[in-house]
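The sequence shown begins at 1009 in this note's numbering and counts up by one.
Beta carbons are placed, not taken as given, at the ideal position from N, Cα and C, and that holds for glycine.
Please read these numbers as outputs of a predicted model, since none were measured by experiment.
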Amino acid sequence: GALLTAAQLPELITYNLHDYEEKAVALATHPAECQRLRSHLAEVRNSGVLFDTSRFARNLEAQFQTLVGQL
């Protein structure tokens, strides 16, 4: 669920196999919805934190520096 939440797609989160299968079938039979999701992911990829590798690297480096400082 964390990746879907970060991608701003909480409607795709399922909590059991039955719901997952229903969601998969619904998406397989509704190509327009799949296209909407693809478009949304493209937008999020360009502007969201999920794919912001520079920010991730800066935050990771800061955490490493904090850990080293505690040694």
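A straight-line Cα-Cα distance of about 49 angstroms links Ala1036 and Val1076. In the three-state reduction of the DSSP assignment, Val1033 falls in the helix class, which pools H, G and I. If you check the CB distance, Ala1015 and Gly1056 come in under 8 angstroms.
For Gln1043, the enclosing alpha helix (DSSP H) has its first and last residue at Pro1039 to Ser1055. With contacts defined by Cβ atoms closer than 8 angstroms, Leu1012 and Leu1020 form a contacting pair.
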